[in-house]
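A.B. asks: There's a structure below that I have some questions on.
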Amino acid sequence: MGQLMTRVLDVLWGKEDRRLLMLGLDAAGKTTILYRLQLGEDVHSIPTIGFNVEKVEYRNISFTIWDVGGQDRLRKLWRHYYKDNDALIFVIDSADRARLHEARSELHHLLSEPQLLDSILLVYANKADLPQAISVQEMARLLQLDNVAKGRPWYIQPSCAMTGDGLVEGLDWLSEKLKEVGSHTYHGIRQDETIQPAAAFRPAAGSLEGPAGGGW
Numbered sequence: 002m003g004q005l006m007t008r009v010l011d012v013l014w015g016k017e018d019r020r021l022l023m024l025g026l027d028a029a030g031k032t033t034i035l036y037r038l039q040l041g042e043d044v045h046s047i048p049t050i051g052f053n054v055e056k057v058e059y060r061n062i063s064f065t066i067w068d069v070g071g072q073d074r075l076r077k078l079w080r081h082y083y084k085d086n087d088a089l090i091f092v093i094d095s096a097d098r099a100r101l102h103e104a105r106s107e108l109h110h111l112l113s114e115p116q117l118l119d120s121i122l123l124v125y126a127n128k129a130d131l132p133q134a135i136s137v138q139e140m141a142r143l144l145q146l147d148n149v150a151k152g153r154p155w156y157i158q159p160s161c162a163m164t165g166d167g168l169v170e171g172l173d174w175l176s177e178k179l180k181e182v183g184s185h186t187y188h189g190i191r192q193d194e195t196i197q198p199a200a201a202f203r204p205a206a207g208s209l210e211g212p213a214g215g216g217w
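Per this note's numbering, the sequence shown starts with residue 2, numbered consecutively.
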């Protein structure tokens, strides 16, 4: 009875339930992002063996977020979580230059999966506060999303899971796109002035949108 009443109230208040799948290589910061969004604080995490699933209430949306382990031996299990997702969140360690091409390869594979074709894409370029982190423009060129994510909205948001910088901005974009999906697509990257590397700060360039048919 209680669950039924909750559903009725959600409908009356216009509350939406959305399912998000969060993937990425191991040590990218997925679990830290999940619990920063849910609890608003930094939670010490260990490598995920299997998955974590939590609800995050934001605006009038109840997000059920599935965080699946990213270790190499676990990635073959990702396919079991593809079904019925509204959006894919892909987390990349933007400071780990040695693994950026590996991350791109995994993301491109995900975008080719039939069960994810209708999922919009949010990329968290995590650890953007570190001095060795690549810029968002570099990330956009590396990922080549204009070529492989055609027909779906996508966005690259720099973030720092430890402090929470950039995470809400990503959810803001995601919330708006989930309302608009089906009417038009949106491609873009965001260079956030609030996330500053510890050294050699790269000047922010405001909010940048990728051309609908071109590449970076």
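A virtual CB, placed ideally from N, CA and C, is assigned to each residue, including glycine.
Values in this document were obtained by computation on a predicted structure and should not be read as measured data.
For L175, which residues in the same chain have their Cβ closer than 7 Å to its Cβ, ignoring the five residues on either side in sequence?
C.D. replies: Counting only Cβ-Cβ distances below 7 Å, and skipping sequence neighbours, we find A88 and L123.
A.B. asks: Below 8 Å, how does it come out for the segment 96–116 and the segment 50–64: are there three or more Cβ pairs, yes or no?
C.D. replies: No, they do not touch.
A.B. asks: Measuring only the C-alpha atoms, how far is A126 from V92?
C.D. replies: The straight-line gap from Cα to Cα measures roughly 6 Å.
A.B. asks: Return the CA-CA distance between W180 and W155, expressed in angstroms with no decimal places.
C.D. replies: Reading off the sequence shown, one finds Lys at residue 180, where the question assumed Trp. Computed Cα separation, rounded: 14 Å.
A.B. asks: To test your reading of the DSSP string, which unbroken alpha helix (DSSP H) runs of 4 or more residues are found completely within the segment 29–95?
C.D. replies: List check, alpha helix (DSSP H) in window: 31–40.
A.B. asks: Whose C-alpha, out of K178, E114, G70 and V182, is nearest the C-alpha of K31?
C.D. replies: Comparing Cα positions, the closest option is G70.
A.B. asks: Taking the runs of the beta strand (DSSP E) that are 3 residues or longer, which of them lie wholly in the segment 88–154?
C.D. replies: 88–94 and 121–127, all fully within the segment 88–154.
A.B. asks: Quick check on L179: does DSSP put it in helix, strand or coil?
C.D. replies: L179: helix per DSSP, three-state reduction.
A.B. asks: Drop a sphere of 10 angstroms on the beta-carbon of P115, count the other beta-carbons inside from all chains shown, and report buried for 16 or more, exposed for fewer.
C.D. replies: So P115 ends up on the exposed side.
A.B. asks: Around the Cβ of S184, are there at least 16 other Cβ atoms within 10 angstroms (buried) or fewer (exposed)?
C.D. replies: Confidence at S184 is low in this model, with a pLDDT of 39, below 50, so the placement of that residue is unreliable and no value is reported for it.
A.B. asks: Let me check one thing: in DSSP terms, what residues is E17 bridge-paired to?
C.D. replies: BP columns for E17 point to I62.
A.B. asks: Please report the straight-line C-alpha distance between E55 and E107, rounded to a whole angstrom.
C.D. replies: Those two C-alpha atoms are separated by around 24 Å.
A.B. asks: So who's on the other strand from G25, going by DSSP bridges?
C.D. replies: According to DSSP, G25 bridges with V92.
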